[in-house]
Amino acid sequence: MKILQPEGWGAPRGYSNGIEAEGRLVFVAGQIGWNPQTCAFETDDFVGQVGQALRNVRAVLAEAGAGPEHLTRMTWYVTDRAAYMADTRALGRVWRDTFGREYPAMTLVVVAGLLEERAKVEIEATAVVPRQV
């Protein structure tokens, strides 16, 4: 994979402006911050739900034989911009605990609500796993 950073652009923090990749595509459906075994929320805390949603994304990637290094794109849907902005350091720690220092191209969208009423975040992802030669 190659990170795309146009000349003269400021360095992004916590994401990449673009990724170039070739290989087997893995698409992860929107994951929310609930326990995937019980489909129940264990917290209403924003950062806690983000952590669980990211772990859920990582579990789906692992099922495809992919890991954080294969992430190319992510979209976050959040219901509360203020909650997102309130503790970006904690969000950064949760990210690094789950994905290390891999930063795909990302988009964050503030939405009025999600299908699951208690959900504060939904995260979808795309990964590209290099083909074995």
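Under this note's numbering, the final residue of the sequence shown carries the number 676; numbering is consecutive throughout.
Heads up, the beta-carbon is just placed ideally off N, CA and C, and yes, glycines get one too.
Shown here, residue 598 sits in a helix according to DSSP, grouped into three states. Of 570, 620, 623, 589, the smallest CA-CA separation from residue 601 is found for 570.
The C-beta of residue 616 has 16 or more other C-beta atoms within 10 Å across all chains shown, which makes the residue buried. Taken through DSSP and simplified to helix, strand or coil, residue 617 comes out as strand. Sequence-distant partners of residue 574 (beyond 5 residues in either direction) whose C-beta falls short of 6 Å from its own C-beta, in its chain, are 596, 599, 600, 666.
Within 10 angstroms of the beta-carbon of residue 594 lie 16 or more other beta-carbons, which makes it buried.
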